[in-house]
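A quick write-up on the structure given underneath.
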Amino acid sequence: MSLPRLLQRFSLLVDLSYAFKVAFLPTIKRIFHEPSLLLHPRTLSYIFMSHVWSFFGPCVDENSAAEKAKVITPYAQGVVLDVGAGHGHNIKYLDRARVTKYVALEPNVLMHPNIRRTADAAGLNEADGNLVILACGAEDTTSIMTFLGGYQPVDTVVSTLTLCSVPEPQRTIKSLVSDVLKPGGELLFFEHVQNSCPHIARWQRFWSPLWSRTFGGCRLDRPTHVWVQEVGGWEKEEVWASDGESEEHLFLHRSGRFVKSA
């Protein structure tokens, strides 16, 4: 392997170092003031990730803006469920004339204030009923349906850089499509996925355990675009690569638009 390629395989160490730099000390300070947090590893993970995403979120959104606009803006409509909403960065890509309600699915409640601020700036708020923030995970489709009033309540499911971290991803994707998405509704995604090159996929598997612990469960080695396709029952399927992106990238991206059969 050439030196440039080898360096590329280790390039994510820079991101890992920045993540620890911005999140480790604030998390330790919280533990110092609340030692009982040591008994709640999930809460600790949320605290750590809230600091990580405050640093990385704006840059990640800026770097993926063109692809997000391409997959979200023309197609998201009606009741939109944003899986793993983070700080609500996807709100800016919604065509407000076509969206009646924005549902932010974000289990990390420390991110909810940012969602509210972003939504309010776009004219979305809970008082008017066009904003709903849910603290459950994507795998909890029963709670999603309960909060939204029944079976198949959503016109559009949006996932951007989220299916990499949801628990039991294949089952979760299938449940979201079968139980939450309306017939004729659309699943729109922009995700980093498992590389089809076996050599690069091995590096993705190598880094995933450490990366996952640092970045809220995110794994580099999930072929989520394939799993979406395997759900079946699609009237229309589109998957495309990001413009100008090398196919040898550790973070290989795919966007997709899948229309559920009516």
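Take the sequence shown: its position 243, counting from 1, is numbered 243 in the UniProt record's numbering, and each next residue is one higher. C-beta atoms are modelled at their ideal positions from N, C-alpha and C, and glycine is treated no differently.
How big is the Cα-Cα spacing for LEU187 and ILE200? Cα-Cα distance, rounded: 28 Å.
With distance defined between alpha-carbon atoms, name the residue in LYS29, GLY86, ASP95 nearest to ARG117. The shortest C-alpha separation from ARG117 is found at GLY86.
Cβ-Cβ distance between VAL80 and LYS101 below 8 Å: Cβ distance < 8 Å, so VAL80 and LYS101 count as in contact.
Continuous alpha helix (DSSP H) stretch holding residue 289: start and end: This structure does not reach residue 289, given that the chain is present from 1 up to 262, and the question cannot be answered.
Which residues in the same chain as GLN194 place their Cβ atom closer than 7 Å to its Cβ, once the five residues preceding and following it in sequence are excluded? In the same chain as GLN194, and ignoring 5 residues on each side of it, the C-beta atoms closer than 7 Å to its own belong to ALA201, GLN204, ASP221, ARG222, PRO223, in chain order.
Whole-angstrom distance between MET145 and SER151, CA atom to CA atom: In the sequence as displayed, the identity of residue 151 is Tyr instead of Ser. Taking C-alpha positions only, TYR151 is separated from MET145 by approximately 6 Å.
Exposure of ARG254, with buried meaning 16 or more beta-carbon neighbours within 10 Å: So ARG254 counts as buried.
Out of SER261, ILE31, ALA241, PRO113, point me to the one whose CA is closest to GLY233's CA. Looking at the Cα atoms, SER261 is the closest of the given residues.
Using the rule of at least 16 other Cβ atoms within 10 Å of the residue's Cβ for burial, across every protein chain shown, is LYS29 buried or exposed? Counting the other Cβ atoms within 10 Å of the Cβ of LYS29 gives fewer than 16, which makes it exposed.
Between the C-alpha atoms of LYS92 and ALA122, what's the straight-line distance to the nearest angstrom? Straight through space, the alpha carbons of ALA122 and LYS92 are spaced by roughly 7 Å.
Have a look at the DSSP bridge pairing and note the partners of ARG254. In the DSSP assignment, ARG254 is bridged to GLU191, ALA241.
Coarse secondary structure for VAL177, derived from DSSP in three states: Look at VAL177 here: in three-state DSSP terms it is helix.
Would you kindly report the start and end of the unbroken alpha helix (DSSP H) that includes LYS70? Looking at the DSSP string, the run of the alpha helix (DSSP H) that includes LYS70 is 65 to 72.
Assuming THR156 contacts VAL180 under a Cβ cut-off of 8 Å, what Cβ separation, rounded to an integer in Å, is found between them? Actually they are not in contact, since the Cβ atoms of THR156 and VAL180 sit about 11 Å apart, beyond 8 Å.
Where DSSP assigns a beta bridge to TYR93, which residues make up the other side? Answer is none; TYR93 lacks a bridge partner.
Check whether ASN108 and GLY88 have beta carbons under 8 Å apart: Result no, Cβ atoms of ASN108 and GLY88 do not sit closer than 8 Å.
How big is the Cα-Cα spacing for LEU139 and THR172? For the record, residue 139 in the displayed sequence is Glu; it is not Leu. Between GLU139 and THR172, the C-alpha separation is close to 5 Å.
The segment 54 to 67 contacting the segment 31 to 42, beta-carbon criterion three pairs below 8 Å: Touching, no, given that fewer than three Cβ pairs across the two stretches are closer than 8 Å.
Identified DSSP bridge partners for ILE133: DSSP lists ALA104 as the beta-bridge partner residues of ILE133.
With a threshold of 8 Å on Cβ separation, who are the neighbours of CYS197 within its own chain once the five nearest residues in sequence on each side are excluded? Only GLU247, GLU248 meet the Cβ criterion.
If we call anything under 8 Å between Cβ atoms a contact, is LEU6 one with TYR46? The Cβ atoms of LEU6 and TYR46 lie no closer than 8 Å to each other.
Looking at ALA97 and VAL52, is the spacing between their C-beta atoms short of 8 Å? It is not a contact, given that the beta carbons lie outside the stated cut-off.
Going by DSSP in three states, GLU230 sits in which element: helix, strand or coil? Three-state result, GLU230: helix.
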